[in-house]
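A short worksheet on the structure shown next.
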Amino acid sequence: MRTRVRFAPSPTGPLHMGGVRTALYNYLYAKQHGGDFIIRIEDTDSHRFVPGAEKYIIDSLRWCGIIPDEGVDENGNVVETASPKHPHAPYRQSQRRGIYRKYAEELVAKGYAYYAFDSSESLENERKEAESKGETFIYNYESRKNLRNSLTLPEEEVKKLLQETTDWTVRFKMPENTVVKMDDMIRGHIEVNTATLDDKVLWKRADELPTYHLANIVDDHLMEITEVIRGEEWLPSLPLHYLLYQAFGWKDTQPRFAHLPLLLKPVGNGKLSKRDGDKMGFPVFPLNWLNSDGETYHGYREDGYFPQAFVNMLAMLGWNPGTEQELFSMQELIDSFSIEKVSKSGAKFNPDKAKWYNKEYLRMTSDSELAEEFIPILDENGVTADKEKVEAVVALIKERATFVKDFWGICSYLFKAPQEYVQKDVDKFWKPENVGMAFEAMENTADAASMEEYIRAHEMPMGKVMNCIRLALTGASSGLGIADIMRFIGRDEALSRLKAAREKLG
RNA sequence: GGUGGGUUCGUAUAACGGUUAGUACUCAAGAUUCUCAAUCUUGCAAUAUGGGUUCGAUUCCCGUACCCACUACCA
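Quick note: the first sequence, position 420, residue 423 per this note's numbering, numbers continuous.
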């Protein structure tokens, strides 16, 4: 049987990095098994729909190199009409609404579900009432006996209500006392007694849409999904899903399940939320996202991360191959991924490690590619330089940077004379005797190499003289080697910077 | 509250019941260099807790503590 997995996001906002990781693990699993990775948009909650979220999700996955085989076309659009490549279209549940009702009614006919006529207000009242007594209201085998549904109302009235009202739902008739035995690819065997579960709504007449549970099971079945890999927040509804497969008689083709651990905040307790990023200065989202109230949330892409670094970091958050390898290309991830080695506990996200990954990828990127990314930044700073020269600069500085955007700050003095000098360094190195020696050494030599020889030959203090020169050339006493700097700016420019410094600093 | 899941250095994790409990990030020190960064070396630092099973438990079982999720006509 061909492996088919799906990523089924809800377009209720930007996809955060935890969601990207879920998609990634699905993708890796599919590719490793030579199967299909499918995208399905679960937009059965019309109230929470956020415009742009669907496109954001697909764009994010594309940026990460997570390309769906089915559900989304080459242009990044969700497929709406069936074709050989996308036989299960449409892939948006709101556009599949016609198919779910009959499945809901099939369950009612078989006695696995029933019609419920309680209004949301009356249920709200039940909840409040229970709460005031310190109890929790649950719609289950006990309470349904006293509520308005097709189990309690006379058949005549049920028929009438079904036809004349639109405020009813189909609820799953949770067995009263049955142990559901389940298996999870990550967590192993799990058992739950149905006595603690409630009668979940499966389908709503009001908008003629299924809820997550029904849509999910029906679509996974119709789309021939073989493994469901999703977040841990779904583990509590796994018994319901098992029971639904059983009720439909789809037990033999039921997918296997894997529930991924959550991504947690770097410090403190709780799961990673979009606010954490702003508070602690790291992105939570793959791409920038502009909120409806004008607020922008940072994305890894815009903050300067390489998509491969982001993906690599994400892959290692909750999974590792059991070896000491940390750097993986997408293909290597595909080859070595295994769902059994995914850890069971939530992982605190570590922003430092994310930066480390980017630094490693920066080093692995060729000077030529980095130069191409750097040239526009040089442009912005009013510098035009030919690519060959930029490549040479990049080669010198790439080990000192984490992001390409760091480059300018590290090497601007190779293109422009410093406008100001770091006071602390001035105090330390700009002393009359040092300045005198610096001038003597530079004026009497033609290049950096001979200058260094001269300093040595005349037994001048190398550190003091060089740092004095560096201060004049770069504006600070830290940075590249003097020889490297002078190779780029030339001896004459160096001398003129020395003179300029003497004018400004005395 | 109830149900389910989880718990190895600060963080991510490794260790098919037998290891001086390993690695990476962070941090600190040293080496190196004209400075800084990089690099190299070294160091700090963990099996939540109490029982049990076993010759032997980080690993298996039970209790406790703590953390997380779920408990909607949301996903």
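Yeah, the Cβ is synthetic: ideal placement off N, Cα and C, and Gly gets one too.
Fair warning: this is a prediction, and the values are worked out from it, not measured in the lab.
Between Glu329 and the set Ile342, Asn361, Arg304, the nearest pair of CA atoms involves Asn361.
Here Ser13 is buried. Its C-beta has 16 or more other C-beta atoms within 10 Å.
For Ile42, the enclosing beta strand (DSSP E) has its first and last residue at 39–42.
Taking 9 Å as the cut-off, the Cβ atoms of Pro286 and Tyr303 count as close. Going by DSSP, Phe410 is part of the alpha helix (DSSP H) stretching over 410–414.
Beta-bridge partners assigned by DSSP to Thr299: Leu293. Under the DSSP definition of a beta bridge, Pro213 partners with Trp206.
A straight line joining the alpha-carbon of Arg190 with that of Val231 spans about 14 Å. From the listed residues Leu399, Gly478, Val429, Lys356, the smallest Cα separation to Ala486 is found for Leu399.
Around the beta carbon of His461, fewer than 16 other beta carbons lie within 10 angstroms, which makes this residue exposed.
Val182: member of the beta strand (DSSP E) spanning 182–187, first to last residue. The beta carbon of Val429 sits closer than 8 Å to the beta carbons of Leu474, Leu508 from its chain, once the five residues preceding and following it are set aside; these are given in chain order.
Contact between Pro289 and Ser63 holds: their C-beta atoms lie close to 4 Å from each other, under 8 Å.
Around the beta-carbon of Asn470, 16 or more other beta-carbon atoms lie within 10 Å, marking it buried. Between Ile102 and Val204, the CB-CB gap reaches or exceeds 9 Å. The beta carbons of Arg208 and Thr181 sit no closer together than 9 Å. Residue environment for Val438: buried (at least 16 other C-beta atoms within 10 angstroms of its C-beta). In the three-state scheme derived from DSSP, where H, G and I count as helix and E and B as strand, His89 is classed as coil. Note on the region 257–333: whole alpha helix (DSSP H) runs with a minimum of 4 residues are 277–283, 310–318, in chain order.
Beta-carbon to beta-carbon, Lys277 and Tyr308 are separated by about 17 Å, too far to satisfy the 8 Å threshold. For Ser123, the closest C-alpha among the options Glu158, Ser97, Thr172 is that of Thr172. Judged by beta-carbon spacing, Ala395 lies within the 9 Å limit of Phe491, meaning their Cβ atoms are closer than that value. Proximity of the region 109–120 to the region 17–36 falls short of the contact definition, fewer than three beta-carbon pairs being nearer than 8 Å. With a beta-carbon spacing of about 11 Å, Arg5 and Ile228 fall beyond the 8 Å limit used to define contacts. Following the DSSP letters along the chain, one finds Gly137 in no beta strand (DSSP E), marked with neither H nor E. For Ile61, the enclosing alpha helix (DSSP H) starts and ends at 56–67. Judged by pairs of C-beta atoms under 8 Å, the region 493–505 touches the region 430–450, as three or more such pairs exist. Nearest C-alpha to Arg494 among Asn315, Glu132, Asp450: Asp450. As the crow flies, the alpha-carbon of Asn384 is around 30 Å from that of Ala452. Spatial neighbours of Arg500 in its own chain (CB-CB distance under 8 Å, excluding positions within 5 residues in sequence) are listed in chain order as Ala420, Pro421, Ala475, Leu476, Ile492.
If you draw a straight line from the Cα of Met283 to the Cα of Ala112, it comes to about 54 Å. The three-state secondary structure of Tyr115, taken from DSSP, is coil.
Counting only residues of its own chain and dropping the five nearest sequence neighbours on each side, Val407 has a CB closer than 8 Å to the CB of Gly307, Leu365, Leu373, Glu376, Phe377, Ile380.
Less than 9 Å divides the Cβ of Asn152 from the Cβ of Asp121. Separation of Trp433 and Tyr457 (C-alpha to C-alpha, rounded to the nearest whole angstrom) is 20 Å.
Apart from sequence neighbours up to five positions away, the residues of its chain that approach Pro264 with a beta-carbon distance below 7 Å are Glu235, Gly321, Ser346, Lys347, Ser348, Gly349, Ala350, ordered along the chain.
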